[in-house]
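One structure is given below, encoded as structure tokens.
Numbering (the working numbering), first residue to last: 67 to 377.
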């Protein structure tokens, strides 16, 4: 591989925006080819304090209404034929905390929201979180009811990977993109199955992470070499890191400055070791005259200070 070829391969651009997923006005219409994300879990996870953190919205219907705003923005910025891939689990409420066992069907409510917005619903993938299943079994007496007696509650050891496609046509990649994006036969046969068994990720740095391996698969499966991948709830930057490894550009939006810092450190460290030609920006979205404006940050690690209103 020549130096020029290597530079072309890894010369991707990655933009981390500390901002609100409900307002992506800094992105042009039809400027993103794929969105991979995991939205906040309603009241279930302990997120850092922030006035605009969706995970802290107490009313479930209001929470769904706010998610709808974010997904409407994703629909706007996606190209025709582009996909929104949403990793989400239902919200299981315990009797100890809420007086009775109850499951809020978040995955199905999101599917309905997306259909009403104009997305085409496609077959989902069921993610069996292996490590998490064992964890739930070990703490069964706290949530699943009295152990070994009838009428216990089914343990929650899976999430849904929802597939939504923007109508209006199908992707038409170049022959070069097709060649560089080809998936091996073993991977293709394994990935395009409806049930995945992948170990869950540690919650040490973020309350609701998903594994890099999962994000890597999804980016490879539903985008082409050189595409732009968006994560409107990017957390600690797993989707962006997967895009970097797959030779895709990325835009990550995260409202929590602490998670942004972790994401910047992860991307900066990875780029120094493997992808020196990749370029980065760390931007902050600020409210001015009731409008969001993207302004430059002081930079983080390998991230540059250059900023534009439209990115």
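Beta carbons are placed, not taken as given, at the ideal position from N, Cα and C, and that holds for glycine. Note that the structure is predicted; figures quoted are calculated from it, not measured.
Between the Cα of residue i and the Cα atoms of the options, which residue gives the shortest distance?
i           : options            : result
residue 313 : 304, 195, 255, 293 : 293
residue 258 : 104, 190, 174, 324 : 190
residue 245 : 291, 222, 277      : 291
residue 221 : 174, 281, 160, 183 : 160
residue 108 : 130, 88, 90        : 130
residue 185 : 128, 134, 194      : 134
residue 326 : 77, 243, 85        : 85
residue 103 : 143, 126, 88, 150  : 150
residue 275 : 98, 252, 287, 297  : 297
residue 132 : 284, 289, 87, 96   : 87
residue 289 : 252, 332, 236, 264 : 236
residue 279 : 174, 311, 348      : 311
residue 154 : 307, 170, 286      : 170
residue 318 : 309, 300, 331, 304 : 300
residue 264 : 281, 125, 78       : 281
Let me confirm a value: residue i is counted as buried when at least 16 other C-beta atoms fall within 10 Å, else exposed. Which label applies?
i           : result
residue 92  : buried
residue 214 : exposed
residue 101 : buried
residue 28  : Because the chain in this structure spans residues 67 to 377, residue 28 falls outside the shown range and cannot be described.
residue 254 : exposed
residue 188 : exposed
residue 105 : buried
residue 232 : buried
residue 80  : buried
residue 322 : buried
residue 82  : buried
residue 352 : exposed
residue 168 : exposed
residue 177 : buried
residue 127 : exposed
residue 181 : exposed
residue 164 : exposed
residue 378 : For the chain, the structure presents residues 67 to 377; residue 378 sits outside this window and is missing.
residue 195 : buried
residue 379 : For the chain, the structure presents residues 67 to 377; residue 379 sits outside this window and is missing.
residue 315 : buried
Going by DSSP in three states, residue i sits in which element: helix, strand or coil?
i           : result
residue 173 : helix
residue 351 : strand
residue 88  : coil
residue 323 : helix
residue 198 : Only weak support is given to the placement of residue 198: the predicted model assigns it a pLDDT of 44, under 50, and the value that follows is read from those uncertain coordinates. Helix at residue 198.
residue 15  : Nothing about residue 15 can be reported from this structure: the residues present for the chain run from 67 to 377 only.
residue 93  : coil
residue 204 : Legend: pLDDT at residue 204 = 44, less than 50; position of this residue unreliable, no value from coordinates given.
With DSSP as the reference, identify every bridge partner of residue i, one or two as the case may be.
i           : result
residue 345 : 79
residue 318 : 82, 297
residue 101 : 150, 296
Identify every run of the beta strand (DSSP E) within the stretch 221-277, keeping only runs that are complete inside it and at least 3 residues long; order them along the chain. 224-231, 261-264
Contiguous alpha helix (DSSP H) assignments of at least 4 residues, all confined to the stretch 276-312: 278-288, 304-311
Mind listing, in chain order, the continuous alpha helix (DSSP H) runs of no fewer than 4 residues lying wholly within the stretch 123-193? 126-143, 161-164, 172-183
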